[in-house]
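Engineer: In numbering that gives the first Met the number 0, the protein residues as written are 0 to 189. By construction, the Cβ of each residue, glycine as well, lies at the ideal position given by its N, Cα and C atoms.
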Amino acid sequence: MNGNRKRVAILISGRGSNMMALVEAARAADYPAEIAAIVSNRADAPGVAWAEGQRLPVAVVDHKAYPSREAFDEAVDALLAKAGVDLVALAGFMRIQSASFVRKWLGRQLNIHPSLLPAFKGLHPQKQALDAGVKISGCTVHFVTEELDGGPIVAQSAVPVAEGDSPESLAERILAAEHRLYPLALALVA
0 MNGNRKRVAI LISGRGSNMM ALVEAARAAD YPAEIAAIVS NRADAPGVAW AEGQRLPVAV
60 VDHKAYPSRE AFDEAVDALL AKAGVDLVAL AGFMRIQSAS FVRKWLGRQL NIHPSLLPAF
120 KGLHPQKQAL DAGVKISGCT VHFVTEELDG GPIVAQSAVP VAEGDSPESL AERILAAEHR
180 LYPLALALVA
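Right, here's the structure in full:
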């Protein structure tokens with residue numbers, strides 16, 4: 000690997016489809032980042048099995064094994080330090096982080112959210128978009144700050160809302176856009 004590439008940890012909780020897109024992008028010789036660690040808070044996350052199958056460095060840190068959010072975050076941070084991580088990419092990581100963890104990684108941690116932020120923060124953004132009657136939705140890669148889905152925006156991709164869309168059909172089209180956007184945004188930051 001090129002010594003100039005940024006070392007990235009990807010944090011997941013589920014299937015890891017955005018992780019897969021980042022891993023695929025990082026396989027290109029000219030990509031400015033390499034995947035140094037995959038960390039999941041759930042051993043049964045489908046993305047863990049995929050990453051292990053790809054022979055990637057995978058660690059599971061079960062949040063239920065820690066007495067507090069801070070203790071869990073300290074364990075994750077220790078893993079990131081051991082792996083020599085420069086940047087963190089949240090990819091469907093379903094844990095709210097402690098303020099101290101967010102501050103430590105400020106400007107070095109990205110998240111992807113399935114809406115055009117600042118619209119439709121939090122859970123179920125596709126349903127929020129449909130309920131609001133918008134004609135365009137999309138996805139946003141942003142820096143993580145203490146404000147949920149409120150950090151500086153790195154990149155966005157618009158997705159038209161189709162007549163008769165359900166939250167599920169809209170989510171499917173937004174996810175396809177996420178898989179294109181996240182690798183581009185990570186490359187910009189790296």
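Using the beta-carbon count (16 or more within 10 Å), is Pro117 buried or exposed?
Structural biologist: Pro117 comes out exposed.
Engineer: Determine the burial state of Glu177: buried for a count of at least 16 other Cβ atoms within 10 Å of its Cβ, exposed for fewer.
Structural biologist: Answer is buried; the Cβ neighbour count reaches 16.
Engineer: Can you tell me whether DSSP reads Ser114 as helix, strand or coil?
Structural biologist: Coil at Ser114, not helix or strand.
Engineer: Note down, in chain order, each residue of its chain lying with its Cβ closer than 6 Å to the Cβ of Val59, except the 5 sequence neighbours on either side.
Structural biologist: If we look at Val59 and ignore the five residues flanking it on each side, its Cβ neighbours are Ser39, Ala42.
Engineer: Can at least three beta-carbon pairs, one atom from the segment 4–15 and one from the segment 164–172, be found at a separation below 8 Å?
Structural biologist: Contact fails: fewer than three Cβ-Cβ distances are below 8 Å.
Engineer: Along the alpha helix (DSSP H) that carries Gln125, what are the first and last residues, could you check?
Structural biologist: Taken as a continuous stretch (DSSP letters only), the alpha helix (DSSP H) holding Gln125 covers 124–131.
Engineer: Can the beta-carbon of Ile37 be found closer than 8 Å to that of Ala48?
Structural biologist: No.
Engineer: Given a cut-off of 8 Å, decide if Pro113 and Gln125 are closer than it, judged by their beta-carbon atoms.
Structural biologist: In contact: Gln125 and Pro113 (Cβ atoms closer than 8 Å).
Engineer: Give every residue of the same chain whose Cβ lies closer than 7 Å to the Cβ of Ile11, excluding the five residues on either side of it in the sequence, and list them in chain order.
Structural biologist: The residues are Met18, Ile37, Ser39, Ala44, Gly46, Ala90, Gly91, Phe92.
Engineer: Cβ of Ala25 versus every heavy atom of the ligand ZN: is any distance shorter than 7 Å?
Structural biologist: Ligands displayed in this structure: none; no statement on the ligand ZN is therefore possible.
Engineer: Using the Cβ count rule (16 or more neighbours within 10 Å means buried), how would you classify Ser136?
Structural biologist: Classification of Ser136: buried, given that the 10 Å Cβ count is 16 or more.
Engineer: Going by other Cβ atoms of all chains shown within 10 Å of its Cβ, with 16 needed for buried, is Met0 buried or exposed?
Structural biologist: Bear in mind that the predicted position of Met0 carries a pLDDT of just 46, short of 50, making it unreliable; the figure below should be weighed with that in mind. Exposed.
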